[in-house]
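Visitor: Numbers in the working numbering are just positions in the sequence shown, counted from 1, shifted up by 2. All C-beta atoms, glycine included, are put in the ideal place defined by N, C-alpha and C. Just so you know, these numbers come straight off a predicted model, no measurement behind them. Structure below; questions to follow.
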Amino acid sequence: MKRARYALCAAVVAAYAGQAAAQTQIRLEGKQPFEIIRSFQALQDQIVLGNAAVKENLPKAMEQISARLLASDREVWREAKNAQAAVIFSLSGGKSKLLRRGLEIALSPESDLELMRGALAFMEGRDAEAKKILLPIDARALASTVRGHIAIVQSTLVAKDDPKAAIGFLDQARILAPGTLVEETALRRELILADELADFDKFASLSRQYLWRFPRSVYFDNFRQRFASSIIRFCLTGETASFWKIENLLSELDSLEQLRLYLQIAHTSVLNGKVGSTVFASGKAVQLSKAGSIENARAKLYQSAALILTNQIEAGQSELERIDPALLPKPDLQLKEAIVSLGSLIRNDPEVVAAASASESNDRSSLARDEAGEGGSLSALMDLAHRKLGETDELLKGKRN
Numbered sequence: 003m004k005r006a007r008y009a010l011c012a013a014v015v016a017a018y019a020g021q022a023a024a025q026t027q028i029r030l031e032g033k034q035p036f037e038i039i040r041s042f043q044a045l046q047d048q049i050v051l052g053n054a055a056v057k058e059n060l061p062k063a064m065e066q067i068s069a070r071l072l073a074s075d076r077e078v079w080r081e082a083k084n085a086q087a088a089v090i091f092s093l094s095g096g097k098s099k100l101l102r103r104g105l106e107i108a109l110s111p112e113s114d115l116e117l118m119r120g121a122l123a124f125m126e127g128r129d130a131e132a133k134k135i136l137l138p139i140d141a142r143a144l145a146s147t148v149r150g151h152i153a154i155v156q157s158t159l160v161a162k163d164d165p166k167a168a169i170g171f172l173d174q175a176r177i178l179a180p181g182t183l184v185e186e187t188a189l190r191r192e193l194i195l196a197d198e199l200a201d202f203d204k205f206a207s208l209s210r211q212y213l214w215r216f217p218r219s220v221y222f223d224n225f226r227q228r229f230a231s232s233i234i235r236f237c238l239t240g241e242t243a244s245f246w247k248i249e250n251l252l253s254e255l256d257s258l259e260q261l262r263l264y265l266q267i268a269h270t271s272v273l274n275g276k277v278g279s280t281v282f283a284s285g286k287a288v289q290l291s292k293a294g295s296i297e298n299a300r301a302k303l304y305q306s307a308a309l310i311l312t313n314q315i316e317a318g319q320s321e322l323e324r325i326d327p328a329l330l331p332k333p334d335l336q337l338k339e340a341i342v343s344l345g346s347l348i349r350n351d352p353e354v355v356a357a358a359s360a361s362e363s364n365d366r367s368s369l370a371r372d373e374a375g376e377g378g379s380l381s382a383l384m385d386l387a388h389r390k391l392g393e394t395d396e397l398l399k400g401k402r403n
């Protein structure tokens, strides 16, 4: 990622995380539940600052906290902030028996007992009951310590039936708990929903926020993997006219990360018969890669495939001949052989040439068309070539037929 852009933020985060590196335990003796959970939340938030030791030791700490809270005097549950602490801890991965104990004692204010009932129903998979109790609640009206957690639960409860509403709840969670693990979690969940809704603008906005706010999070690799998968999907299913948006978003990454992603996009696009995204991604990969490198050879291979499959056969074959086979990984070497065979077939078979011409007209002159439709003329071309080559030639998916 562009560390220069995030240098100041990263420096502050690193300093803070360094100070907290040894703080993976919480003092429990003589503390009320709300004090323990306040320390617990501060500890959790070290995870988004890059403190991997906290994440590793958290399960043990939670066992100790759970035992301490369960042993608390029954009178402590009269206080609302202690009841809310039980809800926070339980929704943060704690055990549901803490909520059951609070409900059995039943000394907490009624509004907090209801919050406990809703949280317990959610944890035990009684979604209908959880929805009835929790969805009418305005999380903004709750105590600052618990409201972000409730907003995330509300999002989870509606995500399957109404992903747009779920995004709204997650937006609220981020606003209500800035800089915390709650915000970081909400961002990662929103990215998944934005992908499912094919809302690239929302996805791009959320991605930028994550890159800026949580570049050192212990969960950053999780974000990176999801981000890559989503970008590939947007390229394969989106309109080619909007590729500039993807290019703009990827420019937030460092050049090596961009190259890695563009090669993934180009490779997947070739295998899925998507000329537009192959042209786009392979072209960017050629620009970003060093001449004579493995990455450059791969980028030019995918670029050659796009040329051949849009009836620019001579240009494509000429480019293929210049690629050093020694630079290609085995799967790409097999793909190169398939593309060479396919190029020869297209050159010599009038039926295939006609299909290639249709592919060029549909895929090159109309870059705005939706490539997610019926597969396009390229897919028809590939099917035709498959029948012609029979069992002796590998096609674009690297399989023998």
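With a threshold of 16 other CB atoms inside 10 Å of the CB of L100, please say whether the residue is buried or exposed.
Guide: buried
Visitor: If we count the other Cβ atoms within 10 Å of its Cβ and call it buried at 16 or more, is Q289 buried or exposed?
Guide: exposed
Visitor: On a CA-only basis, which of Q336, L337 and S346 is nearest Q314? Give me that one, please.
Guide: S346
Visitor: Enumerate, from N- to C-terminal direction, the unbroken alpha helix (DSSP H) stretches of 4 or more residues contained entirely within the segment 130–180.
Guide: 149–160 and 165–178
Visitor: Hey, would you say L45 sits closer than 9 angstroms to L60, going by beta carbons?
Guide: yes
Visitor: Roughly how many angstroms lie between the CA atoms of M64 and A87, to the nearest whole one?
Guide: 13 angstroms
Visitor: Going by Cα to Cα distance, which pick from N274, Q319 and E249 is closest to A287?
Guide: E249
Visitor: How is T312 classed by DSSP in three states: helix, strand or coil?
Guide: coil
Visitor: Kindly indicate which three-state DSSP category P331 falls into: helix, strand or coil?
Guide: coil
Visitor: Quick one: any contact between the segment 222–237 and the segment 176–183, if contact means 3 or more CB pairs under 8 angstroms?
Guide: no
Visitor: Tell me which same chain residues have a C-beta within less than 6 angstroms of the C-beta of E81, skipping the five on either side of it?
Guide: none
Visitor: For the alpha helix (DSSP H) containing S295, list its first residue and its last residue.
Guide: Segment: none, S295 is in no alpha helix (DSSP H) and carries neither H nor E.
Visitor: For the segment 184–240, which segments carrying the alpha helix (DSSP H) assignment without a break, of at least 4 residues, lie completely within its bounds, in sequence order?
Guide: 202–215 and 222–239
Visitor: Sorted by chain position, which residues of the same chain lie with C-beta nearer than 8 angstroms to M118's C-beta, five sequence neighbours on each side aside?
Guide: Answer for M118: A85, A88, V89, L101, G104, L105 and S110, listed in chain order.
Visitor: Three-state secondary structure (DSSP) at P111?
Guide: coil
Visitor: Is A167 near the ligand FAD - that is, is its Cβ less than 8 angstroms away from at least one heavy atom of it?
Guide: This structure lacks the ligand FAD; in fact it carries no ligand of any kind.
Visitor: Output the distance between the C-alpha atoms of K302 and D326, rounded to the nearest integer angstrom.
Guide: Those two C-alpha atoms are separated by around 11 angstroms.
Visitor: For G96, name the three-state secondary structure that DSSP assigns.
Guide: Coil, per DSSP.
Visitor: Can you tell me whether P138 is buried or exposed, with buried defined as 16 or more other CB within 10 angstroms of its CB?
Guide: exposed
Visitor: Just verifying my parser: in three-state terms, what is the DSSP assignment at R1?
Guide: Because the chain in this structure spans residues 3 to 403, residue 1 falls outside the shown range and cannot be described.
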